[in-house]
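So the structure is just underneath, and the comments pick up after that.
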Amino acid sequence: MAEHGQRLILAFDFGTRRIGVAVGNELLNSARELSPLTARDGIPDWNVVTRLIEEWQPDLFVVGLPLNMDGTESLMSTRARKFGNRLHGRYGKPCEMIDERGSTREAKQIAHAAGHRGNYRAESVDGIAAVLILEGWFAHQEGLPGGRSAY
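Structure, rendered in structure tokens:
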């Protein structure tokens, strides 16, 4: 495993139909979106996930935790935690959950500003949301505002 500060991280924006994915490097504090995973009721094709893990060899997973606006757990946050636990269990890499409240709304604003036509089912913003989740995690590691951690 890479030293703290030099890890490669895969971040996930959990959804029931699609799971956004981003890859980032702790040293550069940079993140970029990858193709989203299709899911059936929140369950991805684990063979596709395995290929992703083999390709990127991440040191850590970060999964967005969709809490209610008052900070309480939601059905989706319970499911996102379960997804994070499965990632950890299958691949033996640490998994951190991070508060992702507002990331999808922010991703839609970013996409709209870039000319997105608003059909989010056809053109998803899940990858942008995953990038925002990872950038929020980086900010939290640096102790910066916008870094929202959830445990």
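Numbers in the working numbering are just positions in the sequence shown, counted from 1, shifted up by 375. All residues carry an ideal CB built from backbone N, CA and C; glycine is no exception. For clarity, every value in this text was computed on a predicted model and none was experimentally measured.
Asked                                                                                                                   : Found
Start-to-end residues for the beta strand (DSSP E) that takes in residue 474                                            : 470–474
Residue 430 (DSSP reduced to helix, strand or coil)                                                                     : helix
Reference residue 411, options 473, 398 and 402, closest by Cα                                                          : 398
Residue 510, DSSP secondary structure in three states                                                                   : helix
Beta-carbon proximity check, residue 395 vs residue 501, cutoff 8 Å                                                     : yes
Same chain, Cβ closer than 7 Å to residue 381, neighbours up to 5 away in sequence not counted                          : 401 and 402
Boundaries (first-last residue) of the beta strand (DSSP E) holding residue 439                                         : 435–440
Short Cβ contact (8 Å threshold) for residue 438 with residue 459                                                       : yes
Residue closest to residue 473, alpha-carbon to alpha-carbon, out of 435, 419 and 420                                   : 435
Alpha-carbon to alpha-carbon, residue 383 and residue 524                                                               : Bear in mind that the predicted position of residue 524 carries a pLDDT of just 45, short of 50, making it unreliable; the figure below should be weighed with that in mind. Each residue's alpha carbon lies about 18 Å from the other.
Three-state class that DSSP yields for residue 404 in the structure shown                                               : coil
Same chain only: Cβ atoms within 7 Å of residue 407, ignoring 5 sequence neighbours per side                            : 397, 398 and 506
Close-in-space but distant-in-sequence residues of the same chain around residue 421 (CB under 8 Å, 5 per side omitted) : 465
Rounded C-alpha distance that separates residue 393 from residue 431                                                    : 20 Å
Sub-8 Å separation of residue 475 and residue 508 beta-carbons                                                          : yes
Cβ separation of residue 441 and residue 455, assumed to be a contact under 8 Å, to the nearest whole Å                 : 6 Å
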